[in-house]
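In this note's numbering, the protein residues as written are 419 to 518.
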């Protein structure tokens with residue numbers, strides 16, 4: 419059995435790969451849904467996002483939601499980093515210890 423096969427068949431490696439994949443897929447899906455909802459709103463109901471935030475301002479809801487979407491992307495990235503630094507790094511350390 420090669421080293422690669424040995425690592426790939428290790429239960430901790432499988433758990434690490436599964437958790438990393440699930441987290442990445444979930445966060446990417448959440449961001450994609452929110453982004454495409456914003457884009458589809460622009461495409462099919464642009465007047466909804468063109469409403470001023472309040473009387474006397476030129477800032478629209480579309481601008482606020484667009485900035486919010488960017489911030490949301492950073493928040494999701496931070497969630498991934500926190501999870502990766504805690505759970506995934508722990509699994510990686512355990513895998514390295516088992517393989518040595």
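We put the CB at the ideal spot given by N, CA and C, even for glycine. Bear in mind that the values here come from a model prediction, so they are computed numbers and not experimental data.
### Query
Helix or strand or just coil, what does DSSP make of residue 475?
Of the three classes helix, strand and coil, the one that applies to residue 475 here is coil, per DSSP.
### Message
Measuring straight from C-alpha to C-alpha, what distance separates residue 459 and residue 425?
### Response
When rounded, the distance between both Cα atoms is 47 Å.
### Query
With 16 other CB atoms within 10 Å as the buried threshold, where does residue 434 fall?
With 16 or more other Cβ atoms within 10 Å, it is buried.
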